[in-house]
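In the numbering used here, the protein residues as written are -1 to 97.
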């Protein structure tokens, strides 16, 4: 006769480790501040929406580290000037929460 599930067969559940991510409640504030930063003359139009969206998407879905790595990459590719990249890093830091 087939037995029911044994006690140790349980799958899933439990609590996931908290990861630093961007706070979803701050999205509108982020969007306006980021747009202001990206108005900089040295940032070409074609890169603005990409940077705006990718920083938020990586920071909100994956982790802050991914968002910061993306900013580093764009700075290395000379798409973001140093002062704008630093402002983005600070903004990401300000909008971080653990979840």
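All C-beta atoms, glycine included, are put in the ideal place defined by N, C-alpha and C.
Residue i in three-state terms, based on DSSP
i: residue 97; result: coil
i: residue 29; result: helix
i: residue 88; result: helix
i: residue 50; result: helix
i: residue 19; result: strand
i: residue 41; result: coil
i: residue 57; result: helix
i: residue 66; result: helix
i: residue 82; result: helix
i: residue 76; result: coil
For residue j and residue i, the rounded distance between their alpha carbons
i: residue 77; j: residue 68; result: 11 Å
i: residue 51; j: residue 32; result: 10 Å
i: residue 64; j: residue 75; result: 16 Å
i: residue 104; j: residue 42; result: The shown model of the chain, from -1 to 97, leaves out residue 104, and the question about it has no answer.
i: residue 47; j: residue 26; result: 15 Å
i: residue 45; j: residue 36; result: 9 Å
i: residue 40; j: residue 88; result: 20 Å
i: residue 99; j: residue 62; result: Given a span of -1 to 97 for the chain in the structure shown, any question on residue 99 remains unanswerable.
i: residue 79; j: residue 92; result: 20 Å
Distance CB(residue i)-CB(residue j) smaller than 8 Å
i: residue 94; j: residue 16; result: no
i: residue 58; j: residue 22; result: yes
i: residue 72; j: residue 85; result: no
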